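J.: There's a structure below that I have some questions on.
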Amino acid sequence: MTPSLQWIDGQPLSAHYGDVYFSRESGLEETHHVFLNHNRLTERWRKLPRRGSFVIGETGFGTGLNFLCAWQEWERHAPAAARLHFVSCEKHPLSATDLARALGLWPELTDLSQELLQQYRYLFRGWNRLTLAGGRITLTLLIGDVMETLPFCDMTVDAWFLDGFAPAKNPDMWRPDLFQAMARLSAPEATFATFTSAGAVKRGLEEAGFAVEKAKGHGRKREMLCGQLARKPERPWQAPWHASPPPLETGRAAVIGGGIAGAATAAALAERGWEVCLVERHGTLAAEGSGNPQGILYAKLSPPPTPLTRLTLAGYGHTLRLLDGLLPADGQVRAACGVLQLAYDEAEGKRLQALAATDYGEGLMRPVSAAEASELAAIPLRTGGLFFPDGGWIHPPALVAALAENKGIRVLHTAEAIALHQDDSGWHLMGQGGELTQADLVVFAAAGNAAAFDQTSYLPIRGNRGQVTVLPATTASRRLSTVLCGESYIAPPRGMAHTLGATYAPFDGHLGVTASDHETNLSNLNTLAPALYAALETERLDISSLAGRASLRAVAADHLPLVGGIVDAERFNVLYAPLTRDAKRKLNDPAPWRKGLYINAAHGSRGMLTAPIAAELLASQIGGEPLPLPSSLVPAIHPSRFLLRSLIRAKQAGSAVLT
Ligand SMILES: Cc1cc2nc3c(=O)[nH]c(=O)nc-3n(C[C@H](O)[C@H](O)[C@H](O)COP(=O)(O)OP(=O)(O)OC[C@H]3O[C@@H](n4cnc5c(N)ncnc54)[C@H](O)[C@@H]3O)c2cc1C
Ligand SMILES: C[S@@+](CC[C@H](N)C(=O)[O-])C[C@H]1O[C@@H](n2cnc3c(N)ncnc32)[C@H](O)[C@@H]1O
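Here our numbering is used: position 392 in the sequence shown is 491, and no number is missing along the way.
Now the structure itself:
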């Protein structure tokens with residue numbers, strides 16, 4: 100994926116396309132002339148409302164020069180509380196080193212390029228959300244061919260930067276279906292600008308519905324194109340049951356549940372100007388599922404890009420970028436020590452081999468032999484597998500605390516929400532002793548308990564019990580220098596102890612730590628890494644007095660999280676009952692949303708990677724912003740999916756009960 104560059108007079112040129120990234124005379128002036136001025140950005144940004152927003156779509160992120168110039172102008176001309184969303188497609192992302200070298204050409208952009216470079220990491224295939232300038236700027240980098248990503252964006256673009264190498268050198272990109280995708284994603288008044296004046300581009304844009312003008316090009320280029328959408332294409336039918344509720348104005352939000360899902364949601368909302376009350380039933384945050392001493396950043400991917408794999412991949416990059424800004428890798432709250440996924444049996448070996456052959460992202464993982472794995476772990480291992488260099492472990496309570504440490508968030512401890520009522524002043528959150536808080540927006544982030552309310556009781560979430568064993572480190576076990584994962588996992592020690600996990604069983608009503616779960620964890624470790632098992636001198640330990648921690652994982656039937664708006668389930672079943680007769684019916688009635696109610700829950704065994712990106716998705720849906728995930732993934736995690744499946748199953752069973 101990484102491009103091969105040539106540097107001519109200090110400027111980058113793509114060896115593959117044989118073209119320059121920007122004008123040899125002055126890239127900076129070209130960007131201002133072509134993309135900023137011919138989209139009339141300054142003039143439009145000055146007129147934005149106080150909390151307004153603006154979306155730029157770009158083909159070809161390249162060195163990020165256009166992005167940085169837009170960001171700089173935004174700081175100068177847009178209202179202070181307004182947000183700029185820059186969504187850019189890139190098939191061949193530059194390495195961070197090349198990006199730094201290219202941006203080094205522009206001293207006037209140094210501050211911004213430094214900030215970009217801090218976030219320009221962990222970029223994998225698909226959707227990558229970078230949050231800059233304290234949330235004032237979001238950059239969504241879509242890695243892959245423009246036609247694999249752009250059509251799956253959920254966004255409304257105000258201005259297009261139609262960049263990319265010259266049409267003669269890159270004809271594959273400048274295709275009619277690209278212009279049609281742009282038109283579909285455009286706001287009614289959307290504008291575009293491009294450096295080229297090629298006839299095929301002009302005709303393609305016109306056919307897609309843009310009014311196209313020729314303007315004076317930059318420098319030695321005689322002409323360029325710019326224009327505006329003149330004819331909005333017919334919007335293709337979209338399933339209303341998979342839509343997001345209409346966006347909300349910022350106001351008061353209540354988030355129920357102070358684990359990683361709740362804290363990440365609260366932070367994403369506070370960043371967007373919501374006054375958030377984070378409601379937690381215990382005296383401290385992270386007292387349940389998110390309370391283990393060590394949580395592994397374990398990107399369990401599958402070779403076919405299933406929805407869970409696409410979510411995990413986007414979530415992995417997102418969590419890593421978030422952590423860089425929040426937790427030092429000091430061995431206490433976080434260790435960036437890498438994760439080894441071991442081929443513990445033949446089937447897993449084949450799975451990892453197939454995974455190694457995917458192109459999910461440069462630097463994401465690499466296959467290692469048993470000898471290399473042993474060297475990485477500093478402990479003899481019997482098998483090799485895949486090494487994820489950016490993985491590691493975190494102390495989940497530290498991440499939760501860091502996310503909740505935001506001046507827009509008020510934490511209400513020892514406050515168990517038991518019911519919700521709505522009146523003209525909004526939602527009233529009730530506890531045993533009366534009202535806890537009032538809000539315009541409520542997010543259920545209470546893991547398994549998220550379905551314990553009248554409004555959410557239709558959601559099928561169950562709890563799975565899991566226990567970790569906390570093992571005292573020995574001199575020999577301290578050598579372990581990376582996380583080992585297989586059917587179980589073990590991390591290098593945090594302080595005096597390793598966390599060894601974890602059992603997985605249906606919840607039997609018991610959350611006490613048991614010796615039999617410790618035995619399961621130890622026996623799994625013995626299978627995964629016998630030398631480490633021996634180094635831990637477990638035979639000298641009294642298993643019944645070993646420390647550990649048991650808690651619940653909240654899971655939905657299909658092991659994907661539940662993220663999105665809450666509906667009135669009874670009305671949903673009546674409204675969409677025709678689907679029981681014909682599952683392909685294109686109904687148009689909007690879903691019966693319960694205005695202001697949302698959920699972020701059911702993160703199962705991988706909440707460290709899925710909960711923060713889910714929080715970003717939810718906050719983007721609530722604000723009507725470009726989504727940080729492909730639109731094709733939204734139905735897979737939509738809270739209404741089970742209602743819909745029951746309706747369709749009722750048809751398959753030949754039943755008309757719901758009509
Ligand atoms: C043993 C074990 C090991 C794990 N290991 C890993 C790992 O290595 N890596 C990884 O990524 N994931 C791991 N997970 C999964 C991960 O811990 C979870 O996915 C994640 O913690 C879920 O976060 P959450 O915020 O949804 O839930 P929780 O952290 O459980 O938070 C829910 C919160 O809601 C509160 N609450 C509930 N009801 C109410 C109410 N009515 N009013 C107010 N507050 C309420 C609870 O007190 C709780 O604090 C593990 C899970 C377990 C159980
Ligand atoms: C001229 S450069 C863009 C310059 C960039 N806007 C900047 O500010 O530096 C063109 C970019 O388009 C990318 N590109 C080319 N074809 C593409 C395609 N089909 N899909 C996505 N990106 C593509 C190239 O990899 C390259 O980075």
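Virtual Cβ for every residue (Gly too), placed ideally from N, Cα, C. No experiment lies behind these values; they were computed from the predicted model shown.
Give the range of the beta strand (DSSP E) segment to which Ile478 is assigned.
T.: From DSSP, Ile478 is part of no beta strand (DSSP E); its letter is neither H nor E.
J.: What's the call for Ile478, buried or exposed, on a 16-neighbour Cβ count within 10 Å?
T.: Buried, because 16 or more other Cβ atoms sit within 10 Å of the Cβ of Ile478.
J.: State the beta-bridge partners of Lys320 as determined by DSSP.
T.: Paired residue(s): none; Lys320 is not in a bridge.
J.: Just tell me which of Arg593, Leu558 and Arg149 has its CA closest to the CA of Val569.
T.: Nearest C-alpha to Val569: Arg593.
J.: Using a threshold of 8 Å, state whether the C-beta atoms of Gly525 and Gly695 are closer than that.
T.: Closer than 8 Å, so yes.
J.: What is the rounded straight-line gap between the Cα of Ala755 and the Cα of Leu651?
T.: Because Ala755 sits at a pLDDT of 38, beneath the cut-off of 50, its placement in the model cannot be relied upon, and the point is left open.
J.: Return the Cβ separation of Ser730 and Asp253 in integer angstroms, given the expectation that the two are a contact with Cβ distance under 8 Å.
T.: Rounded, the Cβ-Cβ distance is 4 Å, consistent with contact.
J.: If Gly326 sits next to Leu304, beta carbons under 8 Å apart, how far is it from one beta carbon to the other, in whole angstroms?
T.: Rounded, the Cβ-Cβ distance is 7 Å, consistent with contact.
J.: Below 8 Å on the Cβ atoms is my contact criterion, and I expect Leu463 with Phe486 to pass it. Report the Cβ-Cβ distance as a whole number of Å.
T.: About 10 Å separates the two Cβ atoms, so there is no contact after all.
J.: Spatial neighbours of Pro738 within its chain, please: C-beta separation below 8 Å, excluding the five flanking residues on both sides.
T.: Here the set comprises Leu558, Leu661, Val662, Gly663, Gly664, Ile665, Val666 and Ile698.
J.: Three Cβ pairs or more, each shorter than 8 Å: is that satisfied between the stretch 290-301 and the stretch 186-195?
T.: No, because fewer than three Cβ pairs between the stretch 290-301 and the stretch 186-195 fall closer than 8 Å, the two stretches do not touch.
J.: Helix, strand or coil: which one does DSSP assign to Ser576?
T.: Note: Ser576 maps to helix in three-state DSSP.
J.: Hey, could you find the ends of the alpha helix (DSSP H) Ala682 is sitting in?
T.: No alpha helix (DSSP H) holds Ala682; DSSP gives it neither H nor E.
J.: Can you grab the Cα-Cα spacing for the pair Pro495 / Lys683, in whole Å?
T.: Near 43 Å, if we compare the C-alpha coordinates of Lys683 and Pro495.
J.: Which parts of the stretch 334-422 are runs of the alpha helix (DSSP H), unbroken and 4 residues or longer, counting only runs that do not cross its ends?
T.: If we require 4 residues or more, the alpha helix (DSSP H) runs fully inside the stretch 334-422 come out as 359-370.
J.: Is any heavy atom of ligand 1 found at a distance shorter than 7 Å from the C-beta of Pro495?
T.: Correct: Pro495 has its Cβ closer than 7 Å to ligand 1.
J.: Give me the Cβ distance between Gly156 and Leu215, rounded to the nearest whole Å; I'm assuming they're in contact under 8 Å.
T.: At roughly 18 Å, the Cβ-Cβ gap does not stay under 8 Å, so Gly156 and Leu215 are not in contact.
J.: Please classify Pro711: is it buried, with 16 or more other beta-carbons within 10 angstroms of its beta-carbon, or exposed?
T.: Counting Cβ neighbours within 10 Å, Pro711 comes out buried, since at least 16 surround it.
J.: Pick helix, strand or coil for Gly303, following the three-state DSSP scheme.
T.: Gly303: helix per DSSP, three-state reduction.
J.: Would you check whether ligand 1 has a heavy atom nearer than 7 Å to the C-beta of Glu586?
T.: Answer for Glu586: no, Cβ out of range of ligand 1.
J.: I'd like to confirm something about Ile721: is its beta-carbon nearer than 7 Å to some heavy atom of ligand 1, or not?
T.: False, no ligand heavy atom lies under 7 Å from that Cβ.
J.: Run through DSSP, which three-state label would Trp106 get?
T.: In the structure shown, Trp106 sits in a strand (DSSP, three-state: E or B).
J.: For the pair the stretch 398-414 and the stretch 605-614, tell me if three or more CB-CB distances fall below 8 Å.
T.: Cβ pair count under 8 Å is below three, so no.
J.: Can you give the Cα-Cα distance for Glu207 and Gly243, rounded to whole angstroms?
T.: Whole-angstrom Cα-Cα distance: 30 Å.
J.: At what residues does the alpha helix (DSSP H) containing Gln217 begin and finish?
T.: Looking at the DSSP string, the run of the alpha helix (DSSP H) that includes Gln217 is Thr209 to Gln218.
J.: What are the start and end residues of the alpha helix (DSSP H) that includes Ile721?
T.: From DSSP, the alpha helix (DSSP H) with Ile721 extends over Gly706 to Gly722.
J.: Report yes if the CB atom of Leu112 is closer than 8 Å to the CB atom of Leu167, and no otherwise.
T.: No, Cβ-Cβ distance for Leu112 and Leu167 is not below 8 Å.
J.: Is there at least one non-hydrogen atom of ligand 2 closer than 7 Å to the beta-carbon of Cys188?
T.: At least one heavy atom of ligand 2 is nearer than 7 Å to the Cβ of Cys188, so yes.
J.: Straight-line CA distance for Pro466 to Gly565?
T.: Approximately 30 Å between the Cα atoms of the pair.
J.: Among the residues of its own chain, which have a CB less than 7 Å from the CB of Thr457, if the five just before and after it don't count?
T.: Correct list, in chain order: Pro402.
J.: With a Cβ-Cβ cutoff of 8 Å, do Leu511 and Val541 count as a contact?
T.: Contact flag unset, no.
J.: Taking only heavy atoms of ligand 2 into account, decide whether any of them is closer than 7 Å to the Cβ of Thr162.
T.: Yes, since a heavy atom of ligand 2 falls inside the 7 Å radius drawn around the Cβ of Thr162.
J.: Can you list, in chain order, the residues of its chain whose CB lies under 7 Å from that of Asn623, leaving out five sequence neighbours each side?
T.: Result list for Asn623: Glu586 and Ser587, in chain order.
J.: So, under 8 Å CB-CB, Ile759 and Ala369 are touching, yes? Tell me the CB distance rounded to an integer number of Å.
T.: Outside the displayed range of the chain (100 to 758) lies residue 759, so it cannot be described from this structure.
J.: Starting from Glu129, trace the alpha helix (DSSP H) in both directions and tell me its first and last residue.
T.: Residues Gly126 to Thr130.
J.: Using only the alpha-carbon positions, how far apart do Thr158 and Ser187 sit?
T.: If you take the alpha carbons of Thr158 and Ser187, they lie about 6 Å apart.
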